[in-house]
Amino acid sequence: MEDPTGAYPGRRGLISYVKLVIPFHFLPHARVDTYSKVLGYYNMDFSQIIANSLVRGAELSLLAIGLTMVFDILKFANFAHADYAVLGAFLVYSLNQVLGLSLFLAVILAAPATALIGICIDTAIFKPLRRKEAKVVTAMVCSLGIGIALRNILRLIWTSRTKTYAIPIQKPIEILGARLTFTQIGIVLTGFISMVIFHLLLHRTKFGKALRAISDNRVLASACAIDSEKVIKWMWFIACCYGVMGGTMIAMEHLLYPRLGFDILIPVFCAAILGGIGNPYGAMLGALTLALAENIVLALDFSYLISLGGLFEVGPIQISTGYKPAISFVILVAVLLFRPTGILGRK
Amino acid sequence: MPVIYFLIYLLTMIGIYSLLAMSLNFQVGFTGLINFGQVAFFCIGAYASSLLVTKAGAPLILGFVGGMALSGLFGYIISIPTKSLKADYWAIATLAGGEVVRLLALNEGWLTEGPFGVMSIPQPLRWLFSKDSYPLFYLFLIAACVLIIYFVLSLLTNSPFGRNLKAIRDEEDLCLSLGKNTRKLKLQAMVVAGMVAGLAGALFAHYITYISPENFKPIETFLMWAMIIVGGRGNHLGAILGAVVIQLFNVSTRFIGGYVPLGSDTMAALRMVIIGLLIVLFLLYAPEGLIRERKKVYHLKRKHIE
Chain A
103 MEDPTGAYPG
113 RRGLISYVKL
123 VIPFHFLPHA
133 RVDTYSKVLG
143 YYNMDFSQII
153 ANSLVRGAEL
163 SLLAIGLTMV
173 FDILKFANFA
183 HADYAVLGAF
193 LVYSLNQVLG
203 LSLFLAVILA
213 APATALIGIC
223 IDTAIFKPLR
233 RKEAKVVTAM
243 VCSLGIGIAL
253 RNILRLIWTS
263 RTKTYAIPIQ
273 KPIEILGARL
283 TFTQIGIVLT
293 GFISMVIFHL
303 LLHRTKFGKA
313 LRAISDNRVL
323 ASACAIDSEK
333 VIKWMWFIAC
343 CYGVMGGTMI
353 AMEHLLYPRL
363 GFDILIPVFC
373 AAILGGIGNP
383 YGAMLGALTL
393 ALAENIVLAL
403 DFSYLISLGG
413 LFEVGPIQIS
423 TGYKPAISFV
433 ILVAVLLFRP
443 TGILGRK
Chain B
45 MPVIYFLIYL
55 LTMIGIYSLL
65 AMSLNFQVGF
75 TGLINFGQVA
85 FFCIGAYASS
95 LLVTKAGAPL
105 ILGFVGGMAL
115 SGLFGYIISI
125 PTKSLKADYW
135 AIATLAGGEV
145 VRLLALNEGW
155 LTEGPFGVMS
165 IPQPLRWLFS
175 KDSYPLFYLF
185 LIAACVLIIY
195 FVLSLLTNSP
205 FGRNLKAIRD
215 EEDLCLSLGK
225 NTRKLKLQAM
235 VVAGMVAGLA
245 GALFAHYITY
255 ISPENFKPIE
265 TFLMWAMIIV
275 GGRGNHLGAI
285 LGAVVIQLFN
295 VSTRFIGGYV
305 PLGSDTMAAL
315 RMVIIGLLIV
325 LFLLYAPEGL
335 IRERKKVYHL
345 KRKHIE
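Line order of the protein sequences matches chains A and B. Here the first sequence stands for residues 103 to 449, where the numbers follow our numbering. Here the second sequence stands for residues 45 to 350, where the numbers follow our numbering.
This is the structure:
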């Protein structure tokens, strides 16, 4: 995507690089400062790593759940899913910063609005494809096109400048040796409550029963008078609402900009596949595992290995933070190669 | 006359993107491999060739060959997972692979100069031409490359090898049951496609003379996808036509941008909205593209039946 902020391409590269990296790395308290020699020369602060992973895991799992649900029912990978979430996050921004609503209220209003847009896109694009019985690959490429269009519509409306929500700067509090802000605690709690609600939705409601029936055997479900189109509409509704919550959380923690959707797409896919795509509980587990892996790999000090077990003096060597996005890519490829069914397998 | 130079630039870019679109078409349209990381080939070809020439001091021709070889090697590497992955999983993996290649170019500053990019890349046979006539020469060079690649790919796709690839695309299980080594065929297809795209990358680097990771963002892959969807998959002319249409649109809107009272960011965003919508609309209403694939029907002669 072109970025007009710099006149000169090299500079432009640097700016987008900072934009990409800083948002994911600005947690200052996550820096490893305790040089306690845990596990030989590995320098990390375990409780802080776990706390950070919980926050990131909560954000990712809200997004991964929607993705995995769409894949389960409609059988295609929705490359536009993260862009729906960012659209919602921008709506939240407008409600919050322009109309002055509280964030909580803004999410409650923005989530159904985004869901409505998601359902409209489904009716206009994916439903005709379903009716034509097009290949799943066609739907996948279509979703890629929708993602490109949506991302740039966001750029048209809200410009590419980065945005933040109206959240006062908070002093972190200490819980069991980890330092967290109230926002982060809120993110973890909201994530947890949403997961419980999702579980209840899946197992205690008629919709959940119908969804599971369609996922198991679509023909049989329609023979039992389950209106699959109606269930699919509700599924989009829930996937979009959860996505908006996740997208808003990521924007709260970091920054909000139109390309955010593309930047979080691979971690979200990774989380969904890691846990076994089509399996919502797997998506939660996958998100947590990925978040933990990201934080641990960045905190690891490889000087012990490089110095061949302390043979000669080497300063601390850590993986460049520029590679943080690459961690999820590498994990994704490794999982796809060695265990494409994910940790929990396909349900 | 700036208009003529603009036209030459436009045609040169169309040529480079025709090569890329033909390469992607060879994977998607003929073999049925959904590659969302096509830009990685382009990036590797460009970086390998320019680094071989500027840092290792190799002659230009070696740079081109090296770029094609490395890009082909990357094709080999990313085709390995196709044996166990379904098409959609592989597509996600290639998207990730393309990003990893760009991140490597961005972060391995000792080799690639990181975000600052490789500068002053020499141009082939530069001393033979004046400053004004050189772009025209380069255009002919690229046109020659496009023609050669067109004929080579046509030969390949009309050979038994090409028919096997189409069989993989249409019915992979049937192809397997006929005793074809589909894994090896896919691998060969990816290497060929990688080499073509690597050539495009080398041509691009030596034309622009300055490359940075900014040139190889995922958006380039989406442009190539738009080309083959608009132009039509499964035939080489379709890919070239798609490259012409999309590049004309892409570059001319940049040109018009000077006369329209909209910011450059707004114009760029508007352009990409239209390209995204084009992909969706073509898939919905004209899934075969502008030039549809001519499917050969082999008529059984009477004597064969008797």
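Beta carbons: idealized from backbone N, C-alpha and C, even for Gly. Remember, it's a predicted structure, so these values are computed and weren't measured experimentally.
DSSP-derived helix/strand/coil call for residue i
{"i": "Arg281/A", "result": "strand"}
{"i": "Ser224/B", "result": "A quick correction: the sequence has Lys, not Ser, at residue 224/B. Correct three-state label for Lys224/B: coil."}
{"i": "Leu77/B", "result": "coil"}
{"i": "Lys265/A", "result": "strand"}
{"i": "Ile429/A", "result": "helix"}
{"i": "Glu161/A", "result": "helix"}
{"i": "Val304/B", "result": "coil"}
{"i": "Ile121/B", "result": "helix"}
{"i": "Ile375/A", "result": "helix"}
{"i": "Ile255/B", "result": "strand"}
{"i": "Ile272/B", "result": "helix"}
{"i": "Ile335/B", "result": "coil"}
{"i": "Leu459/A", "result": "One cannot answer for residue 459/A here, as it falls past the ends of chain A, which runs 103 to 449."}
{"i": "Glu396/A", "result": "helix"}
Residues of its chain near residue i, where Cβ-Cβ distance is below 6 Å and the 5 sequence neighbours each way are ignored
{"i": "Ala92/B", "result": "Gly110, Gly111, Leu114"}
{"i": "Cys497/A", "result": "Not covered by the structure: residue 497/A. The range shown for chain A is 103 to 449."}
{"i": "Thr126/B", "result": "Trp134, Lys230"}
For residue i, the nearest candidate out of the options (CA to CA)
{"i": "Ile366/A", "options": "Ile151/A, Glu161/A, Ser149/A, Ile152/A", "result": "Glu161/A"}
{"i": "Leu104/B", "options": "Pro166/B, Phe205/B, Ile252/B", "result": "Pro166/B"}
{"i": "Lys228/B", "options": "Phe205/B, Leu243/B, Phe184/B, Ala246/B", "result": "Phe205/B"}
{"i": "Asp147/A", "options": "Leu203/A, Gly424/A, Gly279/A", "result": "Gly279/A"}
{"i": "Pro442/A", "options": "Lys426/A, Tyr425/A, Gly380/A, Met386/A", "result": "Gly380/A"}
{"i": "Ile273/B", "options": "Thr138/B, Ile290/B, Lys261/B", "result": "Ile290/B"}
{"i": "Leu155/B", "options": "Gln71/B, Ala241/B, Pro257/B, Lys130/B", "result": "Pro257/B"}
{"i": "Gly116/B", "options": "Ala90/B, Tyr303/B, Leu51/B, Ile48/B", "result": "Ala90/B"}
{"i": "Pro274/A", "options": "Lys332/A, Gly288/A, Tyr267/A", "result": "Gly288/A"}
{"i": "Arg281/A", "options": "Ala436/A, Ile152/A, Ile269/A, Gly378/A", "result": "Ile152/A"}
Partners in chain A for residue i, counting only beta-carbon separations shorter than 8 Å
{"i": "Pro331/B", "result": "Ala236, Thr240"}
Own chain residues within Cβ distance below 8 Å of residue i, not counting five before or after
{"i": "Gly194/B", "result": "Before going on, a small fix: residue 194/B reads as Tyr here, not Gly. Closer than 8 Å at the Cβ level, and outside the excluded window around Tyr194/B, lie Met66, His280, Ile284."}
{"i": "Ala213/A", "result": "Gly190, Cys342, Cys343, Val346, Met347"}
{"i": "Ser164/B", "result": "Thr98, Thr253, Tyr254"}
{"i": "Leu185/B", "result": "Pro168, Leu247"}
{"i": "Asp132/B", "result": "Ile78"}
{"i": "Leu306/B", "result": "Leu314"}
{"i": "Glu215/B", "result": "none"}
Beta-carbon proximity check, residue i vs residue j, cutoff 7 Å
{"i": "Gly119/B", "j": "Gly278/B", "result": "no"}
{"i": "Gly348/A", "j": "Ala187/A", "result": "yes"}
{"i": "Ala270/B", "j": "Ile335/B", "result": "no"}
{"i": "Leu357/A", "j": "Thr264/A", "result": "yes"}
{"i": "Phe371/A", "j": "Ile263/B", "result": "no"}
{"i": "Ser163/A", "j": "Met337/A", "result": "no"}
{"i": "Leu55/B", "j": "Leu183/B", "result": "yes"}
{"i": "Asn208/B", "j": "Lys224/B", "result": "yes"}
{"i": "Asp174/A", "j": "Ser262/A", "result": "no"}
{"i": "Gly424/A", "j": "Arg253/A", "result": "no"}
{"i": "Thr226/B", "j": "Val83/B", "result": "no"}
{"i": "Cys244/A", "j": "Leu327/B", "result": "yes"}
{"i": "Gly247/A", "j": "Ala393/A", "result": "no"}
{"i": "Leu211/A", "j": "Leu197/A", "result": "yes"}
{"i": "Leu95/B", "j": "Ala102/B", "result": "no"}
{"i": "Val157/A", "j": "Gln286/A", "result": "yes"}
{"i": "Gly444/A", "j": "Leu376/A", "result": "yes"}
Proximal residues of chain B, C-beta to C-beta of residue i below 7 Å
{"i": "Arg480/A", "result": "The displayed coordinates of chain A run from 103 to 449. Any statement about residue 480/A would go beyond what the structure contains."}
{"i": "Ser262/A", "result": "Asp309"}
{"i": "Tyr383/A", "result": "Result: empty, since nearest Cβ-Cβ is about 20 Å, beyond 7 Å."}
Same chain, Cβ closer than 7 Å to residue i, five either side skipped, listed in chain order
{"i": "Ser123/B", "result": "Lys230, Leu231, Met234"}
{"i": "Lys210/B", "result": "Phe74"}
Residue i: contacting residues in chain A (beta-carbon distance under 7 Å)
{"i": "Ser67/B", "result": "Those do not exist, as Ser67/B stays about 17 Å from chain A at its closest Cβ, beyond 7 Å."}
Proximal chain B residues relative to residue i, where beta-carbon distance stays under 8 Å
{"i": "Leu169/A", "result": "Chain B residues near Leu169/A: none, gap ~11 Å exceeds 8 Å."}
{"i": "Cys244/A", "result": "Ile323, Val324, Leu327, Leu328"}
{"i": "Gly202/A", "result": "Near Gly202/A there are no residues of chain B at all, since even the closest Cβ is about 27 Å away, more than 8 Å."}
Under 9 Å by beta carbon: chain B residues contacting residue i
{"i": "Val435/A", "result": "Pro125, Ala137, Ala140, Gly141, Val144"}
{"i": "Ile368/A", "result": "Ile136, Leu139, Ala140, Glu143"}
{"i": "Ile175/A", "result": "Ordered by position in chain B, no residue passes the 9 Å Cβ test against Ile175/A, which lies about 15 Å from the chain."}
{"i": "Ile227/A", "result": "Val324, Leu327, Leu328"}
Partners in chain A for residue i, counting only beta-carbon separations shorter than 9 Å
{"i": "Trp154/B", "result": "The contacting residues do not exist; Trp154/B stays about 12 Å from chain A at best."}
{"i": "Tyr133/B", "result": "Ala179, Ile375, Ile379, Leu438, Pro442"}
Residue-level contact to chain D via CB, residue i, 7 Å cutoff
{"i": "Ala237/B", "result": "Of the chains in the structure shown, none is chain D; the protein chains are A and B."}
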